[in-house]
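Asker: Just so you know, the sequences run in chain order A and B.
Okay, so the first sequence: first residue is 1 according to this note's numbering, each after it adds one.
Okay, so the second sequence: first residue is 1001 according to this note's numbering, each after it adds one.
The C-beta atom is built at its ideal place from N, Cα and C for all residues, glycine as well.
In this text the structure is predicted, and so the values were computed from the model without any measurement.
There are 2 protein chains.
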Amino acid sequence: MRPVVEKLQQNGHEVVVIVPSTSLHMKPKEPQNYTVKVYPIPYAEEHLGVVLNSFINAHFVEQSVLNIIITMYQSILEISRLFFTNCKSLLHNKDMMQYLRESKFDVVFTDPVLMCGPIIAKYLSIPSIYFLRGMPCGMDFEATQCPNPPSYVPRLFLNNSDSMTFSQRVKNMLVHMLEFIYCKPLFAPFEELAYEIMQKKVTATEILSHGSVWLMRYDFVFDFPRPVMPNMVFIGGINCDQKKKLSQEFEAIVNASGEHGIIVFSLGSMVSEIPMKKAKEIAEALGSVPQTVLWRYTGEAPPNLPKNVKLVKWLPQNDLLAHPKTRAFITHGGSHGVYEGICNAVPMVLMPLFGDQMDNAKRVESRGAGVTLNILEMTSKDISAALKAVINDKKYKENIKRLSDLHLDRPIHPLDLAVHWVEFVMRHKGAPHLRPAAHDLNWIQYHSLDVIAFLLAVVLLSLFISVKCCLFCCRRCCFKKGRTRKPTKSKSH
Amino acid sequence: MRPVVEKLQQNGHEVVVIVPSTSLHMKPKEPQNYTVKVYPIPYAEEHLGVVLNSFINAHFVEQSVLNIIITMYQSILEISRLFFTNCKSLLHNKDMMQYLRESKFDVVFTDPVLMCGPIIAKYLSIPSIYFLRGMPCGMDFEATQCPNPPSYVPRLFLNNSDSMTFSQRVKNMLVHMLEFIYCKPLFAPFEELAYEIMQKKVTATEILSHGSVWLMRYDFVFDFPRPVMPNMVFIGGINCDQKKKLSQEFEAIVNASGEHGIIVFSLGSMVSEIPMKKAKEIAEALGSVPQTVLWRYTGEAPPNLPKNVKLVKWLPQNDLLAHPKTRAFITHGGSHGVYEGICNAVPMVLMPLFGDQMDNAKRVESRGAGVTLNILEMTSKDISAALKAVINDKKYKENIKRLSDLHLDRPIHPLDLAVHWVEFVMRHKGAPHLRPAAHDLNWIQYHSLDVIAFLLAVVLLSLFISVKCCLFCCRRCCFKKGRTRKPTKSKSH
Chain A
1 MRPVVEKLQQ
11 NGHEVVVIVP
21 STSLHMKPKE
31 PQNYTVKVYP
41 IPYAEEHLGV
51 VLNSFINAHF
61 VEQSVLNIII
71 TMYQSILEIS
81 RLFFTNCKSL
91 LHNKDMMQYL
101 RESKFDVVFT
111 DPVLMCGPII
121 AKYLSIPSIY
131 FLRGMPCGMD
141 FEATQCPNPP
151 SYVPRLFLNN
161 SDSMTFSQRV
171 KNMLVHMLEF
181 IYCKPLFAPF
191 EELAYEIMQK
201 KVTATEILSH
211 GSVWLMRYDF
221 VFDFPRPVMP
231 NMVFIGGINC
241 DQKKKLSQEF
251 EAIVNASGEH
261 GIIVFSLGSM
271 VSEIPMKKAK
281 EIAEALGSVP
291 QTVLWRYTGE
301 APPNLPKNVK
311 LVKWLPQNDL
321 LAHPKTRAFI
331 THGGSHGVYE
341 GICNAVPMVL
351 MPLFGDQMDN
361 AKRVESRGAG
371 VTLNILEMTS
381 KDISAALKAV
391 INDKKYKENI
401 KRLSDLHLDR
411 PIHPLDLAVH
421 WVEFVMRHKG
431 APHLRPAAHD
441 LNWIQYHSLD
451 VIAFLLAVVL
461 LSLFISVKCC
471 LFCCRRCCFK
481 KGRTRKPTKS
491 KSH
Chain B
1001 MRPVVEKLQQ
1011 NGHEVVVIVP
1021 STSLHMKPKE
1031 PQNYTVKVYP
1041 IPYAEEHLGV
1051 VLNSFINAHF
1061 VEQSVLNIII
1071 TMYQSILEIS
1081 RLFFTNCKSL
1091 LHNKDMMQYL
1101 RESKFDVVFT
1111 DPVLMCGPII
1121 AKYLSIPSIY
1131 FLRGMPCGMD
1141 FEATQCPNPP
1151 SYVPRLFLNN
1161 SDSMTFSQRV
1171 KNMLVHMLEF
1181 IYCKPLFAPF
1191 EELAYEIMQK
1201 KVTATEILSH
1211 GSVWLMRYDF
1221 VFDFPRPVMP
1231 NMVFIGGINC
1241 DQKKKLSQEF
1251 EAIVNASGEH
1261 GIIVFSLGSM
1271 VSEIPMKKAK
1281 EIAEALGSVP
1291 QTVLWRYTGE
1301 APPNLPKNVK
1311 LVKWLPQNDL
1321 LAHPKTRAFI
1331 THGGSHGVYE
1341 GICNAVPMVL
1351 MPLFGDQMDN
1361 AKRVESRGAG
1371 VTLNILEMTS
1381 KDISAALKAV
1391 INDKKYKENI
1401 KRLSDLHLDR
1411 PIHPLDLAVH
1421 WVEFVMRHKG
1431 APHLRPAAHD
1441 LNWIQYHSLD
1451 VIAFLLAVVL
1461 LSLFISVKCC
1471 LFCCRRCCFK
1481 KGRTRKPTKS
1491 KSH
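1) Could you tell me whether the segment 173-187 of chain A touches the segment 76-87 of chain A, using the rule of 3 or more Cβ pairs below 8 angstroms?
2) Which class does B/Ala1457 belong to by DSSP, given the choice of helix, strand or coil?
3) Beta-carbon of B/Val1017 versus every beta-carbon of chain A: anything under 7 angstroms?
4) What's the call for A/His464, buried or exposed, on a 16-neighbour Cβ count within 10 Å?
5) My assumption, with CB atoms under 8 angstroms, is that A/Ala320 sits in contact with A/Val264. Please give the rounded CB distance.
6) Using a C-beta to C-beta distance shorter than 7 angstroms, which residues of chain A count as neighbours of B/Phe1220?
7) Could you tell me how far apart the beta carbons of B/Asp1162 and B/Phe1224 are, in whole angstroms, since I believe they sit closer than 8 angstroms?
8) Going straight from the alpha carbon of B/Lys1088 to that of B/Leu1193, what length do you get?
9) Check the Cβ of A/Ser23 against every Cβ in chain B and list those closer than 9 angstroms, keeping chain order.
10) Under a Cβ-count criterion, where at least 16 other Cβ atoms within 10 Å of its own Cβ denotes burial, should A/Met115 be classed as buried or exposed?
11) When burial is assigned at 16 or more other CB atoms within 10 Å of the CB, is B/Val974 buried or exposed?
12) What residues from the segment 1159-1170 of chain B come within 9 angstroms of chain A, judged by C-beta to C-beta, listed N to C?
13) So which residues on chain A does B/Ala1386 lean against when the C-beta distance must stay under 9 angstroms?
14) Identify every residue that forms a DSSP beta bridge with A/Tyr130.
15) Quick check on A/Cys137: buried or exposed, where buried means 16 or more other Cβ atoms within 10 Å of its Cβ?
16) Quick one: Cα of B/His1260 to Cα of B/Ala1437, how far?
17) May I ask you to report which of helix, strand or coil DSSP gives A/Met348?
18) Assign B/Lys1497 to one of three DSSP states: helix, strand, or coil.
19) Considering only their Cβ atoms, is the gap separating A/Lys388 from A/Pro127 smaller than 7 angstroms?
20) If distances are taken between C-alpha atoms only, which option among A/Gly333, A/Tyr339 and A/Ile375 comes closest to A/Gln357?
21) Throw me the rounded Cβ distance for the B/Ser1380 and B/Glu1284 pair, which I believe falls under 8 angstroms.
22) Take A/Lys243 as the anchor and find which of A/Gly12, A/His323, A/Ile383 and A/Lys362 has the nearest alpha-carbon.
23) Could you tell me which chain B residues have their CB closer than 8 angstroms to the CB of A/Ser404, listed as they occur along the chain?
24) Can you tell which of B/Glu1249, B/Met1229 and B/Ala1385 has its C-alpha closest to the C-alpha of B/Val1289?
25) Quick one: residues in its chain with C-beta nearer than 8 angstroms to the C-beta of B/Lys1362, no 5 flanking neighbours on either side, listed in chain order?
26) Using the C-alpha atoms, what's the distance from B/Leu1350 back to B/Pro1302?
27) If you compare alpha carbons, which of A/Cys146, A/Lys94, A/Asn239 and A/Val202 is closest to A/Leu434?
28) What are the start and end residues of the alpha helix (DSSP H) that includes B/Thr1205?
29) Under 7 angstroms, Cβ to Cβ, is there at least one residue of chain A near B/Gln990?
30) Could you check if A/His92 is buried or exposed, using at least 16 other CB atoms within 10 Å of its CB as the buried criterion?
31) What in chain A is Cβ-close to B/Ala1438, meaning under 8 angstroms?
32) Select from A/Met173, A/Val419 and A/Phe55 the residue whose C-alpha is nearest the C-alpha of A/Gly12.
33) Hey, could you find the ends of the beta strand (DSSP E) B/Lys1037 is sitting in?
34) My output table needs one value for A/Ala328: the three-state DSSP class, helix, strand or coil.
35) If you follow the beta strand (DSSP E) that A/Leu294 is part of, which residue opens it and which one closes it?
36) Check the DSSP bridge columns for B/Met1026 and list the partner residues they point to.
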């Protein structure tokens, strides 16, 4: 969201960023041009580190499919609880709430997955703009009244593409139907919190539907085409914009790589350490390719680290991917990284860990632009083979180049689009003209079940009446015949 | 479509426009920068005039609702027959077809309502871009696999808004369900024609679904928000761009109007004459306002024409509407005119005649930006009252100004957007990444009916088995009890 905020500030708007005292990405001491307001939360950076580490480590343990699902669900609940604690701290912070109320902001710009921005926007009746990659339980589609047919729109975390076999469609449908059950614990606490401050019952869907425009980090070059709504704006690849020149240190490494070039390797900022056994296997595989590997890793260096691998604590990922000497990108498949891979046309080896990473990896692989590895089962040989494939087999480079060309061929840059819509909502105090009338219908009305029942009743009633009439006529006929026959009979007697 | 074609030509593309020898709007002798190829069709301009006049006149006859529907349906069929004749002439024209085949065009740019462009594009395997206001029978939504819930998406020609009462929803649903029947005669001839040249059976939906990108003349400021698809691009108001300075003649009339300003009055280029009785009533009403009225009318002037009314054979509608002295716009409610009214913020008096004009009028009225009159029932008083309302009641001007502000506040001009997407399809030979996987599913699969049936069967089977098991256990229990009881009984005997 940072580039959007910076551009808004450049356009002369006064931007205030509300940050919890403990945060993974928002360090209040970083230099910035916008005002940052910090509110205290009841846990420290250490706790966040512990939660995140145990969350990450759980994904490196081999376990049954059922256990994986339970682990994943528990992780999501745990993260949701962190969000809830943050939100509660903010809403109960009287000074901060008074400041927000009195400042009369024109717009709330928020990622709705945190749920707190939408609650504040609805509570203070400020128009809101959402900026998101997606929401669990398809809440983004439910809250926008966007059709979401389970027959070809894969549900999250299922590893399905948009072209599913019958059994995949059954699984997709089951997950869709079970959302009612397993999504309750994710959103119920926020509904209670909203009730507490607004003093009226609101569902999570109602809270979220307050959003005027949804800036979705989607691009159909990468995401599967599906029905959308007029208040959704697609800004996938917004993060891939701001390229800087490489620092001397990195420039030197890249230049020293010779004709073979480099491989960029990062499992994202959340993964600080991986089990040593895995690290050794990865190191062994990296030694089997002639490229120089830049590996962003903060854990203990594996003892078998080959000479062509440089461990770094941080790397300018997008700038390195943009370098013409970059041959491949090893990534965990987070949407940021994948979009950077696409916009710089670098074929990928994907090692998805959790969340939407499996789905992202599936999307890249289904388009022939990368190879996905199972991080639990992969051997040193698998990694080596995957790397050699994406570097030497031309089709990967061709496919990612094609995706990149399509992705970059757009009438307006996603950053300008995002800024336009934020300013649009500020200028016009929302965007009610983009709100579909479906919000005013209940489930039965939306699906026309009342109308169908009525038409069926009419058809059945008219059928019933015509059958009754026929029977009545037949009976009269028979009766008449009977009556006319009887006397004849009696006469004949 | 002309501005798009002109811009494409300016961008260095070679554009060839294929025109039938008889056409309402395309006069081959007009000066233009692009190549025009004319193919002969078996009817002359006189015949087209007769058909159109009898079509228009039918809407000035007072008749029952049922008769109005039948008349409208017959008119649509008649126009569809004209399209069919044109298309047949083109497809049977060997020289022209050979020319099209050999020219290896990059893209077919066409209004799909004519059906001929889509057939040629599919036949010659050329990517296509559609430019449209809409299609009868919701074919645009069917061919794009776009959800179209009848509970809040009003069907064409029904005069419904997106917020419907129960009875309106019943009507909407009935029309939706009857589409299968009454739409057949519209598309069947084209399906046969396609079969004739392709030598394989294709439905109209399949032909249309070949379109890569659909440029829809929609803007949700005016049209009701509804589900859309990623390959739909919204370019409503594209016609409202090119403003020129008024000619001396019109400038003089406008300047002479004084403080009261002018009213622009046009019922569209298709209406050349209206019944004298109606014309007289209109003339009487126009005399009751102090504004100068510029009336585009080619029929016989009514004898009671007041002094403030100037009859003209043609007027620069958009340029006049853009003039600050323009107070109101009397229009038949064609989408072109309505968008010009919106972008120039001129309140409207709408006299819809046929087609989507009633729906357009409903949309303008439901937004408080105009007054709709029933052209059959309106009296001179009604017209006068409507005109005075939209000119003197500030809320109409305020509402149209608000719509206009929203409409014009866009990140990119619709013309640039349209040109971008045409060029995109040319550069990438289509846009298959925007094609939803729903195209590969049949109706049962799309609605997951097979999955639901399977899940139901599983549930019923497990219920059946558990009931059977229970019964079996119960019976065994009873039987045992019975057997243990029996001997006791016999002993006691």
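Answerer: Reading off the structure:
1) yes
2) As a position in the second sequence, residue 1457 of chain B is number 457, starting the count at 1. It is helical.
3) On the second sequence, position 17 is the one that residue 1017 of chain B refers to. No, B/Val1017 does not count as interfacial toward chain A.
4) In the first sequence, residue 464 of chain A corresponds to position 464, counting from 1. With the sequence shown as reference, residue 464 of chain A is identified as Phe, and His is not the correct amino acid for it. Classification for A/Phe464: exposed.
5) Counting from 1 along the first sequence, the entry for residue 320 of chain A is found at position 320. Counting from 1 along the first sequence, the entry for residue 264 of chain A is found at position 264. The sequence given here places Leu at residue 320 of chain A; Ala does not occur at that position. So it is a contact: roughly 5 angstroms between Cβ atoms.
6) Residue 1220 of chain B sits at position 220 when you count from the first residue of the second sequence. By Cβ distance, chain A contributes Pro230, His433 and Leu434.
7) Counted from its first residue, the second sequence places residue 1162 of chain B at position 162. Counted from its first residue, the second sequence places residue 1224 of chain B at position 224. Contact flag correct, Cβ pair sits at about 4 angstroms.
8) Taking the first residue of the second sequence as position 1, residue 1088 of chain B is located at position 88. Taking the first residue of the second sequence as position 1, residue 1193 of chain B is located at position 193. Distance between the alpha carbons of B/Lys1088 and B/Leu1193: 7 angstroms.
9) Numbered from its first residue, the first sequence carries residue 23 of chain A at position 23. By Cβ distance, chain B contributes nothing, its closest Cβ being about 31 angstroms from A/Ser23, past 9 angstroms.
10) Indexing the first sequence from 1 puts residue 115 of chain A at position 115. Buried, by the Cβ-count rule.
11) Since the first residue of chain B shown is 1001 and the last is 1493, residue 974 of chain B is not available in this structure.
12) Ser1161, Asp1162, Ser1163, Met1164, Phe1166, Arg1169 and Val1170
13) Here residue 1386 of chain B refers to the residue found at position 386 when the second sequence is read from its first residue. Per Cβ cutoff of 9 angstroms: no residues; B/Ala1386 is ~24 angstroms from chain A at best.
14) To locate residue 130 of chain A, count along the first sequence from 1; it is residue 130. Its beta-bridge partners are A/Thr110 and A/Trp214.
15) Counting from one through the first sequence, the residue named residue 137 of chain A turns up at place 137. Buried, by the Cβ-count rule.
16) Numbered from its first residue, the second sequence carries residue 1260 of chain B at position 260. Numbered from its first residue, the second sequence carries residue 1437 of chain B at position 437. Near 58 angstroms, if we compare the C-alpha coordinates of B/Ala1437 and B/His1260.
17) As a working mapping, residue 348 of chain A is identified with position 348 in the first sequence. Reduced to three states, the DSSP call for A/Met348 is strand.
18) There is simply no residue 1497 of chain B to check, as chain B begins at 1001 and stops at 1493 in what is shown.
19) Residue mapping note: residue 127 of chain A aligns to position 127 of the first sequence, counting from 1. Residue mapping note: residue 388 of chain A aligns to position 388 of the first sequence, counting from 1. Their beta carbons are not under 7 angstroms apart, which means A/Pro127 does not touch A/Lys388 by this criterion.
20) One-based indexing of the first sequence puts residue 357 of chain A at position 357. That would be A/Gly333, whose Cα lies nearest to the Cα of A/Gln357.
21) As a first step, residue 1380 of chain B must be located in the second sequence, where it is residue number 380. As a first step, residue 1284 of chain B must be located in the second sequence, where it is residue number 284. About 4 angstroms; that satisfies the 8 angstroms criterion.
22) What you label residue 243 of chain A is simply residue 243 of the first sequence in a count that begins at 1. The candidate whose alpha carbon is nearest that of A/Lys243 is A/His323.
23) The sequence position of residue 404 of chain A within the first sequence is 404, counting from 1. Chain B residues near A/Ser404: none, gap ~12 angstroms exceeds 8 angstroms.
24) Counted from its first residue, the second sequence places residue 1289 of chain B at position 289. Residue B/Ala1385 is the option with its Cα nearest to B/Val1289.
25) As a working note, residue 1362 of chain B is residue 362 in the second sequence. Once the five neighbours on either side are set aside, the close Cβ partners of B/Lys1362 are Asn1159, Asn1160, Ser1161 and Thr1372.
26) Looking up residue 1302 of chain B in the second sequence gives position 302. Looking up residue 1350 of chain B in the second sequence gives position 350. Rounded to whole angstroms, B/Pro1302 to B/Leu1350 spans 21 angstroms at the Cα level.
27) On the first sequence, residue 434 of chain A is found 434 positions in, with the first residue counted as 1. Ranking A/Cys146, A/Lys94, A/Asn239 and A/Val202 by Cα distance to A/Leu434 puts A/Cys146 first.
28) The sequence position of residue 1205 of chain B within the second sequence is 205, counting from 1. Element bounds for B/Thr1205: Ala1204 to Leu1208.
29) Since the first residue shown for chain B is 1001 and the last is 1493, residue 990 of chain B is missing from the structure and cannot be characterised.
30) As a working mapping, residue 92 of chain A is identified with position 92 in the first sequence. That one is exposed.
31) For the purposes of this step, residue 1438 of chain B is taken as the residue at position 438 of the second sequence. By Cβ distance, chain A contributes Pro149, Ser151 and Tyr152.
32) On the first sequence, position 12 is the one that residue 12 of chain A refers to. That would be A/Val419, whose Cα lies nearest to the Cα of A/Gly12.
33) The sequence position of residue 1037 of chain B within the second sequence is 37, counting from 1. From DSSP, the beta strand (DSSP E) with B/Lys1037 extends over Thr1035 to Tyr1039.
34) Taking the first sequence and counting its residues from 1, the one referred to as residue 328 of chain A is at position 328. In this structure, A/Ala328 counts as strand in the three-state DSSP scheme.
35) Counted from its first residue, the first sequence places residue 294 of chain A at position 294. Thr292 to Arg296 is the extent of the beta strand (DSSP E) around A/Leu294.
36) Locating residue 1026 of chain B in the second sequence gives position 26, counting from the first residue. For B/Met1026, which the question treats as bridged, DSSP gives no partner whatsoever.
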